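Please read the structure below before turning to the comments.
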Amino acid sequence: TSSSGHDSANDVFEGYIAKSVCEALTAAVFLERYPKCKISLEVTVMSAEGGEVPMAITAASLALAAAGIAMRDLVVGCTALHSASKESFLMDPTSNELRAADAAPLSMALMTASGRITFCDYQGDREGAIVKNLAHIAHEGCSFVHSVVAAELRSYAAKLSPELEDDEERIIFKKPGSVRVPSAKAT
Numbered sequence: 129t130s131s132s133g134h135d136s137a138n139d140v141f142e143g144y145i146a147k148s149v150c151e152a153l154t155a156a157v158f159l160e161r162y163p164k165c166k167i168s169l170e171v172t173v174m175s176a177e178g179g180e181v182p183m184a185i186t187a188a189s190l191a192l193a194a195a196g197i198a199m200r201d202l203v204v205g206c207t208a209l210h211s212a213s214k215e216s217f218l219m220d221p222t223s224n225e226l227r228a229a230d231a232a233p234l235s236m237a238l239m240t241a242s243g244r245i246t247f248c249d250y251q252g253d254r255e256g257a258i259v260k261n262l263a264h265i266a267h268e269g270c271s272f273v274h275s276v277v278a279a280e281l282r283s284y285a286a287k288l289s290p291e292l293e294d295d296e297e298r299i300i301f302k303k304p305g306s307v308r309v310p311s312a313k314a315t
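By the count of this note's numbering, the sequence shown reaches residue 315 at its end, each step adding exactly one.
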């Protein structure tokens, strides 16, 4: 809260990011394995170049997995944007593209193994077919982000533990609180 007693735009956006990250990750974490624990995350946005919420969700999910928190799947996010003036769709638009846009973006986070959407935000007024295309593009973006993030997590895990069992479908730590990283489904 600012000194005037009102939330600044930055405080409101930080609160929105925190709420969105919590909403997106709650479905992925095996909370029942941590009945008396509080899982805390701190996300710092170093540069606001567009897509802050989906990338904060992705980074937080990766941090939980790397910390050994038991999860059903990684949660990854992406943003899609429709530009009527350019008659095009954009995946992961930059802040300049978002500012110049004539429409609202659609941000999504999902667990790619199950296809379960854990977060979706669209506050626009486009017709159904355009929104459906936005959702499809964001979903495809999430699948791509998942392939990159899962590969990095596998690499990280392999360096940490020679007891790592790896196959094309998942990574499993052979210790309590295992982390499973499913591969993105081919579509």
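Beta carbons: idealized from backbone N, C-alpha and C, even for Gly.
As the structure is a prediction and not an experimental result, all values here were calculated from the model.
In the DSSP assignment, residue 258 falls within the unbroken alpha helix (DSSP H) covering 256-288. Inter-residue distance for residue 232 and residue 200 is about 31 angstroms (C-alpha atoms, whole angstroms).
Distance from the Cα of residue 236 is smallest, within the candidate group 158, 284, 153 and 212, for 153. In this structure, residue 244 places its C-beta atom within 8 angstroms of the C-beta atom of residue 155. Annotation: the continuous beta strand (DSSP E) that includes residue 218 extends over 216-219.
In the three-state reduction of the DSSP assignment, residue 246 falls in the strand class. Residue 165 carries a coil assignment under DSSP once its states are collapsed to helix, strand and coil. Look at the beta carbons and you see the stretch 221-230 touching the stretch 166-178: at least three pairs across the two are nearer than 8 angstroms.
Note that the C-beta distance between residue 278 and residue 202 is below 8 angstroms. Between the stretch 261-277 and the stretch 203-220 there are three or more C-beta pairs closer than 8 angstroms, enough to call the two in contact.
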